[in-house]
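Protein chains in written order, with the numbering used here: chain A, -13 to 286; chain B, 30 to 320. Note that the Cβ used here is the ideal one computed from N, Cα and C, for glycine as well. All figures in this text were calculated on a predicted structure; none of them were measured in a lab. The structure appears below as structure tokens.
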């Protein structure tokens, strides 16, 4: 239903600005839901989502331009590359602690940006790889339909995953890891599953996004994406599926309308993050949960 | 390849290594005592460097006065940082502490870019181009000063941790919070001191390195990412481990950078961190505040 409605949008407006915004919403909805899966449900702070996104973008771009792969082969390959990266940082750091995971994921994201910039012979450095095009999807409306379709499939996949055993196991691990372990849940396995799924989806969106822009450069690893995803997940309510999607829609549109300078916007996001952490110790999701608990108590 | 080139690389590696050590030791100290990974740590290094730029160019402070003044200001900032943000955090507030310090880092870094732009600035000193000649070897004076200052700071921290009562309290607190409370250690005061020292060291590192390299608002982010790797390689919370790992990484990076592409030198810390995590997750030297 939603899919059909969204696919009709290009007939209503041929305005490229709105189609671009639509693509941004679709991309951020998948990215922030991926972060929500790891952080909101799994309790792990991952700063590597932008790395999965960028690796997917660079992976697909390099496969298509250097090896002459077809895009439809490069798309799943992008997912595989991102997943492998996710499993590498997850497996190595999670055996130590959650702190180590946060540190390693942030380092990985920064490293990806540096390598993309400095490994000029492969990535052409900050000049990027231009001229990415997808035959048959050259018009903005077609790219919009493709991205929205992919995003909806991935979001549906996330929803199925979260309402399945994986979602419940993740929440159990987040609430009480030793207890979950005593019930036969292997925390590391489920955490890695969540990271893998989230990385794969981010990689796919990365591949689609760079082909939409028709160029990939080191800015796909920009901290801006990480920060935006964090704001979406935290203000939307970590662990709330629809809350985060709602926040993705809002925060893809509003900052663009306000037209802040990028530095100022990032600074403002930082302030929001600090304020949120100072005022609501449990995050917004905790606040909502607390309020619903209070409501539930008073109703009885 | 000749021996002089190798020695030069070694010296450069040592200088950058001891600066890594100043930053990583503070990061490790704060983690060991508060259970907080300070994601804003690199920004205090950046602020220290920026402040020393303005102290030298606007206030016409001398080299040593600048370093002393910036370090004192950094200690004061550490005190403020502790009371405003860190004091209310508990070790169990895992996500809160990370997101809070990350938010502060974003505000400081992007505020810095907004105010000062990303144009690199040079901090002038009387000895910017002075070098001590030792045979065929050129030893830039500022790098030697850096080496000396960092070694002195390292020794001071070592003496503090191993030979004073408050150092003993720090080591005790990092081993067991409850046991430390039982013998009458006020964990707040010790934690506050740790943050003051940690941020102070970061400011010192910034002020010391500012005349050697250029100064700009994004320098902290690039540096702290090395410091993270160092802290994990040395063992989370292990201060001396961090110092040793820092010098090792500095030298390693410099040697790799001398013979191989830049990308490999940048990745060295990360690769070493992943290898340590895979084969010795406790870090090379084990966890806990140790000396």
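Taking a contact to mean a Cβ-Cβ separation below 8 Å, would you say residue i touches residue j in this structure?
i: residue 240/B; j: residue 168/B; result: no
i: residue 156/A; j: residue 180/A; result: yes
i: residue 62/B; j: residue 225/B; result: no
i: residue 244/B; j: residue 152/B; result: yes
i: residue 134/A; j: residue 8/A; result: yes
i: residue 160/A; j: residue 27/A; result: yes
i: residue 91/A; j: residue 34/A; result: yes
i: residue 196/B; j: residue 209/B; result: no
i: residue 218/A; j: residue 79/A; result: no
i: residue 301/B; j: residue 262/B; result: yes
i: residue 95/A; j: residue 212/A; result: yes
i: residue 50/B; j: residue 198/B; result: no
i: residue 94/B; j: residue 232/B; result: no
i: residue 60/A; j: residue 207/A; result: no
Kindly identify the DSSP beta-bridge partner or partners of residue i.
i: residue 116/A; result: 201/A
i: residue 168/B; result: 161/B
i: residue 244/B; result: 150/B
Using a C-beta cutoff of 8 Å, does residue i count as contacting chain A?
i: residue 320/B; result: Unreliable placement is indicated for residue 320/B, whose pLDDT of 48 sits below 50; the coordinate value is still reported in the next sentence. Answer no: the Cβ-Cβ gap between residue 320/B and chain A never drops below 8 Å.
i: residue 261/B; result: yes
i: residue 149/B; result: no
i: residue 273/B; result: no
i: residue 267/B; result: no
i: residue 115/B; result: no
i: residue 310/B; result: yes
i: residue 71/B; result: no
i: residue 177/B; result: no
i: residue 79/B; result: no
i: residue 45/B; result: no
i: residue 248/B; result: no
i: residue 226/B; result: no
i: residue 237/B; result: no
i: residue 136/B; result: yes
i: residue 212/B; result: no
i: residue 54/B; result: no
i: residue 67/B; result: no
DSSP three-state call for residue i: helix, strand or coil?
i: residue 152/B; result: coil
i: residue 119/B; result: coil
i: residue 105/A; result: coil
i: residue 31/A; result: coil
i: residue 163/A; result: helix
i: residue 241/A; result: helix
i: residue 169/A; result: coil
i: residue 310/B; result: coil
i: residue 217/A; result: helix
i: residue 22/A; result: helix
i: residue 39/A; result: helix
i: residue 254/B; result: helix
i: residue 252/A; result: helix
i: residue 320/B; result: Here the model assigns residue 320/B a pLDDT of 48, short of 50, so the residue's position is not dependable, and the following value carries that caveat. Coil.
If you measure from the beta carbon of residue i to each beta carbon in chain B, is any gap under 8 Å?
i: residue 84/A; result: yes
i: residue 105/A; result: yes
i: residue 233/A; result: no
i: residue 178/A; result: no
i: residue 211/A; result: no
i: residue 93/A; result: yes
i: residue 37/A; result: no
i: residue 52/A; result: no
i: residue 115/A; result: no
i: residue 161/A; result: no
i: residue 89/A; result: yes
Using a Cβ-Cβ cutoff of less than 6 Å, which residues in the same chain neighbour residue i once the five nearest sequence positions on both sides are dropped?
i: residue 231/A; result: 15
i: residue 10/A; result: 238
i: residue 235/B; result: 74, 77 and 78
i: residue 13/A; result: 191 and 195
i: residue 288/A; result: Any answer about residue 288/A is impossible in this case: the structure gives chain A only from -13 up to 286.
i: residue 2/A; result: 126
i: residue 88/A; result: 31
Who are the near neighbours of residue i in its chain, counting only those whose CB is closer than 8 Å to its CB and skipping five residues on each side?
i: residue 297/B; result: 278, 281, 282 and 285
i: residue 125/B; result: 118
i: residue 160/B; result: 167, 168, 169 and 170
Within 7 Å: the Cβ of residue i and any heavy atom of the ligand ADP?
i: residue 274/B; result: In the structure shown, the ligand ADP is absent, as is every other ligand, since no ligand is present at all.
Ignore the nearest five residues each way along the sequence and tell me which others in residue i's own chain have a CB closer than 7 Å to its CB.
i: residue 163/B; result: none
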